[in-house]
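Novice: Quick note on full-length UniProt numbering: the sequence shown kicks off at 1 and runs consecutively. The beta carbon of each residue, even a glycine, is placed where N, CA and C say it ideally should be. Bear in mind the structure is a predicted one, so any value in this text is a computation, not a measurement. Here it is: the structure, laid out below.
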Amino acid sequence: MYERRTADQPFIPTPPVGTVGATRPPTGVRVGDFILLDGTYQRIQDMRSAGTSAQRILHFAGRTPLIMREARTTYRPIEHR
């Protein structure tokens, strides 16, 4: 059944073209993946360990770093072989 969109539902933009989304833990994220932050998809430029293997500090171009402590949806470019 069709449900009307209400004002409290957030707008989620279309993922970057040529990517596939999956929920990944901090240990499964790679440089080059995209994450939705503040309404736009940001590409991970660099990352560091944050003390334990369960956390990563993600660096983006023109944005402050993000400490990833739990699994979240990331979009990875499709690999052509």
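Between the Cα of Glu79 and the Cα atoms of Val20, Met68, Phe11, which residue gives the shortest distance?
Specialist: Looking up residue 79 in the sequence shown gives position 79. Closest option to Glu79, Cα to Cα, is Val20.
Novice: Between Leu66, Thr40, Ala22, Thr64, which lies nearest to Thr14 when the distance is taken from Cα to Cα?
Specialist: Counting from 1 along the sequence shown, the entry for residue 14 is found at position 14. Here the closest residue by C-alpha is Thr40.
Novice: Apart from the five residues just before and just after Ser53, which ones in its own chain have a Cβ nearer than 7 Å to its Cβ?
Specialist: Residue mapping note: residue 53 aligns to position 53 of the sequence shown, counting from 1. For Ser53, where only same-chain residues beyond five positions count, the Cβ hits under 7 Å are Thr27.
Novice: Just the C-alpha distance for Asp46 and Arg72, rounded to the nearest angstrom, thanks.
Specialist: As a first step, residue 46 is located in the sequence shown; it is residue number 46 there, counting from the start. As a first step, residue 72 is located in the sequence shown; it is residue number 72 there, counting from the start. Taking the straight line from one Cα to the other gives about 17 Å.
Novice: Quick check for students: name the residue ranges of the alpha helix (DSSP H) that lie wholly in the region 32-80, counting only runs of 4 or more.
Specialist: Counting only runs of 4 or more, we get nothing.
Novice: Would a C-beta distance cut-off of 8 Å place Pro16 and Tyr75 closer than the cut-off?
Specialist: Taking the sequence shown and counting its residues from 1, one reaches residue 16 at position 16. Taking the sequence shown and counting its residues from 1, one reaches residue 75 at position 75. Yes; because the gap between Cβ atoms is below 8 Å, this pair is in contact.
Novice: Where do the ends of the beta strand (DSSP E) carrying Arg30 lie?
Specialist: Translated into the one-based positions of the sequence shown, residue 30 becomes position 30. Note, Arg30: premise wrong, no beta strand (DSSP E); not H, not E.
Novice: So, are the CB atoms of Arg43 and Ser49 less than 8 Å apart?
Specialist: Mapped onto the sequence shown, residue 43 falls at position 43. Mapped onto the sequence shown, residue 49 falls at position 49. Their beta carbons are not under 8 Å apart, which means Arg43 does not touch Ser49 by this criterion.
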